[in-house]
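Residue numbers (numbering that gives the first Met the number 0), protein chains in the order written: chain A, 0 to 63; chain B, 0 to 803. Think of the CB as a built atom: it goes at the ideal place given N, C-alpha and C, for glycine as much as any other residue. Just so it is clear, the structure is predicted and the values come from calculations on it, not from any experiment. Below: the structure, in structure tokens.
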Amino acid sequence: MSAMLILIGFSLSVAIIFLIAFLWAVKSGQYKDRYTPSIRMLFDDKKNNDTNSNNHININRSNQ
Amino acid sequence: MPSNTIATTEKAICYHCGLECPTDDIRINDKFFCCNGCKTVYEMLDSNDLCNYYSLEETPGISKLNEVKRNFDFLDDSDLKNKLIDFTDGKVTTITFDIPQMHCSSCVWILENLYKFNKGITFSEVDFLKKTLSVKFIEEKTSLQKIVELLDSLGYLPNFNLDEKKEDKVKEEYKKLYYKIGIAGFSFGNVMLLSFPDYLSFTDKVTMEMQNTFNWISIFLSLPVFLYSASEYYISAFKGLKNKIVNIDVPITLGIFVLFFRSLYEIFVIGSVGYLDSMTALVFLLLTGKIFQNKTYEAMNFERNYKSYFPIAVSIMKEGKETTIPVDKLEVGQRIVVKNNELIPADSILISERANIDYSFVTGESQPVEVINGEMIYAGGKEIGEAIEVETVKEVSQSYLTQLWNSKAFDKKYESKIDTTVNFVSKYFTAIILTIASSAFIYWVSTDLKLAFNAFTAVLIIACPCALALSTPFTLGNTQRIFGRNKFYVKNTTVIEKLSNITSIVFDKTGTITETAKANIQFVGNEISLEEQSMIKTLVRNSSHPLSLRIASLLRLGSKQKLDSYEEVSGQGIQGLINNRIVKIGSHSFTSGTLYKSNNSDTSTKVHISIDDRQLGYYQIKNVYRGGLKKIVDSLKEKYKLFILSGDNAGEKDNLLEFFPDADHLYFNQSPHDKLNFIENLNKKEKILMIGDGLNDAGALVKSDVGISISEDINNFSPACDGILDAKSFKYLKDFIRFSITSKKIIITSFIISFIYNLVGISFAIQGTLSPVISAILMPISSISIVVFTTVSTNMIAKKRGFL
Numbered sequence: 000m001s002a003m004l005i006l007i008g009f010s011l012s013v014a015i016i017f018l019i020a021f022l023w024a025v026k027s028g029q030y031k032d033r034y035t036p037s038i039r040m041l042f043d044d045k046k047n048n049d050t051n052s053n054n055h056i057n058i059n060r061s062n063q
Numbered sequence: 000m001p002s003n004t005i006a007t008t009e010k011a012i013c014y015h016c017g018l019e020c021p022t023d024d025i026r027i028n029d030k031f032f033c034c035n036g037c038k039t040v041y042e043m044l045d046s047n048d049l050c051n052y053y054s055l056e057e058t059p060g061i062s063k064l065n066e067v068k069r070n071f072d073f074l075d076d077s078d079l080k081n082k083l084i085d086f087t088d089g090k091v092t093t094i095t096f097d098i099p100q101m102h103c104s105s106c107v108w109i110l111e112n113l114y115k116f117n118k119g120i121t122f123s124e125v126d127f128l129k130k131t132l133s134v135k136f137i138e139e140k141t142s143l144q145k146i147v148e149l150l151d152s153l154g155y156l157p158n159f160n161l162d163e164k165k166e167d168k169v170k171e172e173y174k175k176l177y178y179k180i181g182i183a184g185f186s187f188g189n190v191m192l193l194s195f196p197d198y199l200s201f202t203d204k205v206t207m208e209m210q211n212t213f214n215w216i217s218i219f220l221s222l223p224v225f226l227y228s229a230s231e232y233y234i235s236a237f238k239g240l241k242n243k244i245v246n247i248d249v250p251i252t253l254g255i256f257v258l259f260f261r262s263l264y265e266i267f268v269i270g271s272v273g274y275l276d277s278m279t280a281l282v283f284l285l286l287t288g289k290i291f292q293n294k295t296y297e298a299m300n301f302e303r304n305y306k307s308y309f310p311i312a313v314s315i316m317k318e319g320k321e322t323t324i325p326v327d328k329l330e331v332g333q334r335i336v337v338k339n340n341e342l343i344p345a346d347s348i349l350i351s352e353r354a355n356i357d358y359s360f361v362t363g364e365s366q367p368v369e370v371i372n373g374e375m376i377y378a379g380g381k382e383i384g385e386a387i388e389v390e391t392v393k394e395v396s397q398s399y400l401t402q403l404w405n406s407k408a409f410d411k412k413y414e415s416k417i418d419t420t421v422n423f424v425s426k427y428f429t430a431i432i433l434t435i436a437s438s439a440f441i442y443w444v445s446t447d448l449k450l451a452f453n454a455f456t457a458v459l460i461i462a463c464p465c466a467l468a469l470s471t472p473f474t475l476g477n478t479q480r481i482f483g484r485n486k487f488y489v490k491n492t493t494v495i496e497k498l499s500n501i502t503s504i505v506f507d508k509t510g511t512i513t514e515t516a517k518a519n520i521q522f523v524g525n526e527i528s529l530e531e532q533s534m535i536k537t538l539v540r541n542s543s544h545p546l547s548l549r550i551a552s553l554l555r556l557g558s559k560q561k562l563d564s565y566e567e568v569s570g571q572g573i574q575g576l577i578n579n580r581i582v583k584i585g586s587h588s589f590t591s592g593t594l595y596k597s598n599n600s601d602t603s604t605k606v607h608i609s610i611d612d613r614q615l616g617y618y619q620i621k622n623v624y625r626g627g628l629k630k631i632v633d634s635l636k637e638k639y640k641l642f643i644l645s646g647d648n649a650g651e652k653d654n655l656l657e658f659f660p661d662a663d664h665l666y667f668n669q670s671p672h673d674k675l676n677f678i679e680n681l682n683k684k685e686k687i688l689m690i691g692d693g694l695n696d697a698g699a700l701v702k703s704d705v706g707i708s709i710s711e712d713i714n715n716f717s718p719a720c721d722g723i724l725d726a727k728s729f730k731y732l733k734d735f736i737r738f739s740i741t742s743k744k745i746i747i748t749s750f751i752i753s754f755i756y757n758l759v760g761i762s763f764a765i766q767g768t769l770s771p772v773i774s775a776i777l778m779p780i781s782s783i784s785i786v787v788f789t790t791v792s793t794n795m796i797a798k799k800r801g802f803l
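Right, dumping it as structure tokens:
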């Protein structure tokens, strides 16, 4: 049964890593704005964008 | 006003802002623009290779059609600059702008690409919901003034406000809640996992040594929950008790403490498992409720004071050149220039010939007042028409308008009075629970001290009002979201509860039950031709009378006609000769030459028009009441006492009586102070909902139980209030109130459900037979069923009533 204790040790340390990751994410402000990044990720960074104008992104003004 | 709109043909649409182009003259290749301003912005973007702006979204731009040239010299003032910026180390400066014009993904894109226009900008980031833009720039390469000029030239003029630097505090608050819930969730999951053998009665297979390890880990994991995550409940309970209020956090704190210390006792003294899983679950669920309730509308501001209405800078003439200075630096006796639609920042004397001042902001009076040279203009008035020059006679902070803010209503925090249902219930709940627990203790104490102790603590554990505490945040949080979807934004969830308790409703008149200025004027009479319209416009353009300005703004076509003679008859009207035709505009007797038989029932203002002695009809300027007002008033008048407080004179009284039943409840000529005092007196016996719109209602809104400000544009300024109602949703007012009452009923129902759970739990507890397993099952089940019940029932009722 002592294998269980080792497993619990492992699972706890994994959980703690996730907890720390979460706390870090909060601290670095990732939860501050939960909307704008969803717009930002759709922008292309290409230089010449006039050609792909069929890439319309429509964002309904959020009805929060 | 269908008769005087111009027939439109197929016209090109501005490539930048999407408005119709009046001419086809302004163009670049196949792209048309409505004005040169829009074209300039396009050229700017084009030359910086930023035309992606137009491919993200069609016609994303902000129209430059009515653009005025602004002067930002005041941003050079270092005192003012220090107030505006977030941080600077002398080289790199960070500033956050408020940009209400932001509306689509193209806006986000262009604002985050600002560095391509100005090499001094190193970083720019948008928060779309808050409508803010954070910019970092290098002081050596650029200046604040240049950045603002750039933003303005793109159409994104920032909204400067000295009064809103409270954001840092809010930021920390949200972080704390996330930390707490993260830790609680982590501990809850792991402690529960370790308790599993106990749930499944595998205890015989778990050795004593292992159980011991599990217990130690559980204690270690639940310590941060007990000490940190749950701390705000202890603080709130302590604060409540100090003010002799037994709020809901008192039984919660009691429950958490008993859970924790009894667990320690069980583990160390008895050598069995504790209730640590229940404790961590409880804290986790409670905090979830808090997150759900903490919905805020970030782009809106519910706590403005007069400073946010005032311009941050004023224009002055210096060495023959116009420049701007911060309003703080304005001295008595200084001459300032006030342009069309600008606010007068301090009480002053008019230097120019004449001015039209709109005091609707301050007094609620809807008609502009004509002021002539040498007369006083009070702070808060708005100039309509040509730019004027005035000389200040008082400091900004000493003016009549700002004195309203010296009222006591603005000093104290008016939310100290906690009379929510949950606190009312918890007072009795705590007493009953303590009675039951003590009775159980007394009952057992003579036979078995250990059992007596067990029963006492078990009652406190099982009765811990988790479900009770969750029902309010989930019901009201959900209601708040439903209201928000229907364009009624409330500051916090307590407002909904207060709204369900009101007994009287007080309306402001102008802007609240009437529509705003533009819709108030309409032409009554035969159809007038375009040529005649143009003649009227030519004539009224020569007069600065407020009514002339109204008519001029209604007729949108150009006035290219030549005016051969012009005469203004004071108090009567104006006349002129255009194309050898005599055009008269004014009172009926003036235009027709006959005496006008006044019709008493009609109190609206009329401006008659005649051309060559032929009566064409008249422009009627009257209050246009909001659509559906009659229906709303009819549905409300049985249940609530309705009042009108108007800054205007009693001219509309007869019209109002068609809507409102009681003539004694209509009050006219009310100054902001009168309104405040009225609410204060009424508050002694009634619970008041006040609905207003302007600065003149600010005091009354704060003083009433629920103050709602109505707004045509929710991103605009609105006075301090508990909720902002979009004017389009005004017709649902009754439904909002009704739904708030329904929400309260749902809360009460869920209280009853949670009491039933408690009865079941307590029947175990008083016998001293509560095992950790029952506790661990009963607590989450009761809480989760309450959460499901409240959210599902609010959503279902909302759907049935057409809210969703």
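Status (buried if at least 16 other CB within 10 Å, exposed otherwise) for residue i
{"i": "Arg-549/B", "result": "buried"}
{"i": "Ala-466/B", "result": "buried"}
{"i": "Arg-261/B", "result": "buried"}
{"i": "Phe-722/B", "result": "The question names Phe, yet the displayed sequence has Gly at residue 722/B. When all chains shown are included, Gly-722/B counts as buried."}
{"i": "Glu-382/B", "result": "buried"}
{"i": "Tyr-617/B", "result": "buried"}
{"i": "Ile-671/B", "result": "The identity of residue 671/B in the sequence shown is Pro, whereas the question assumes Ile. Looking at its Cβ environment, which holds 16 or more other Cβ atoms inside 10 Å, Pro-671/B is buried."}
{"i": "Leu-6/A", "result": "exposed"}
{"i": "Glu-711/B", "result": "exposed"}
{"i": "Val-701/B", "result": "buried"}
Contact check, residue i vs residue j, beta carbons under 8 Å
{"i": "Ile-251/B", "j": "Ile-180/B", "result": "no"}
{"i": "Thr-493/B", "j": "Ser-742/B", "result": "no"}
{"i": "Ser-588/B", "j": "Gln-614/B", "result": "no"}
{"i": "Tyr-624/B", "j": "Ile-512/B", "result": "yes"}
{"i": "Val-368/B", "j": "Ile-356/B", "result": "yes"}
{"i": "Leu-83/B", "j": "Phe-159/B", "result": "yes"}
{"i": "Val-13/A", "j": "Tyr-178/B", "result": "no"}
{"i": "Ile-690/B", "j": "Ile-678/B", "result": "no"}
{"i": "Leu-64/B", "j": "Ser-105/B", "result": "no"}
{"i": "Leu-769/B", "j": "Ile-460/B", "result": "yes"}
{"i": "Ile-610/B", "j": "Val-539/B", "result": "no"}
{"i": "Gly-373/B", "j": "Ile-335/B", "result": "no"}
{"i": "Ser-228/B", "j": "Leu-193/B", "result": "no"}
{"i": "Thr-391/B", "j": "Leu-329/B", "result": "yes"}
{"i": "Ile-247/B", "j": "Ser-470/B", "result": "no"}
Beta carbon proximity, residue i to chain A, threshold 8 Å
{"i": "Trp-108/B", "result": "yes"}
{"i": "Met-778/B", "result": "no"}
{"i": "Thr-212/B", "result": "yes"}
{"i": "Leu-132/B", "result": "no"}
{"i": "Lys-243/B", "result": "no"}
Any chain B beta carbon closer than 8 Å to residue i
{"i": "Phe-9/A", "result": "no"}
{"i": "Ile-5/A", "result": "no"}
{"i": "Ala-2/A", "result": "no"}
{"i": "Ile-38/A", "result": "yes"}
{"i": "Leu-22/A", "result": "yes"}
CB contact check: residue i to chain C, cutoff 8 Å
{"i": "Val-13/A", "result": "In the displayed structure, chain C is absent; the protein chains listed are A and B."}
Proximity test, residue i beta-carbon vs the ligand SAM heavy atom, cut-off 7 Å
{"i": "Phe-506/B", "result": "No copy of the ligand SAM occurs in the structure displayed, which carries no ligand at all."}
Can you list the beta strand (DSSP E) stretches of 3 or more residues lying completely in the region 667-691 of chain B, in chain order? As far as the region 667-691 of chain B is concerned, its whole beta strand (DSSP E) runs of at least 3 residues are 687-691.
Quick check on the DSSP output: what are the complete beta strand (DSSP E) runs of length 3 or more inside the region 113-154 of chain B, in order along the chain? Segments of the beta strand (DSSP E) lying fully in the region 113-154 of chain B: 120-126 and 131-137.
Going along the region 95-106 of chain B in order, which residues come within less than 8 Å of chain A, judged by CB to CB distance? Flagged, chain order: His-102, Cys-103 and Ser-104.
Please give me, in chain order, every unbroken run of the alpha helix (DSSP H) with length at least 4 that falls completely inside the region 81-118 of chain B. Runs found: 104-111.
Whole runs of the beta strand (DSSP E) within the region 339-377 of chain B, excluding any shorter than 3 residues: Segments of the beta strand (DSSP E) lying fully in the region 339-377 of chain B: 347-349, 353-357 and 368-371.
Under 8 Å, CB to CB, which of the residues in the region 19-49 of chain B have a partner in chain A? Cβ contacts with chain A come from Asp-48.
If you scan the region 479-554 of chain B from start to end, which runs of the alpha helix (DSSP H) of 4 or more residues do you find wholly inside it? Entirely contained in the region 479-554 of chain B, the alpha helix (DSSP H) runs reaching 4 residues are, in chain order, 492-499, 529-539 and 545-553.
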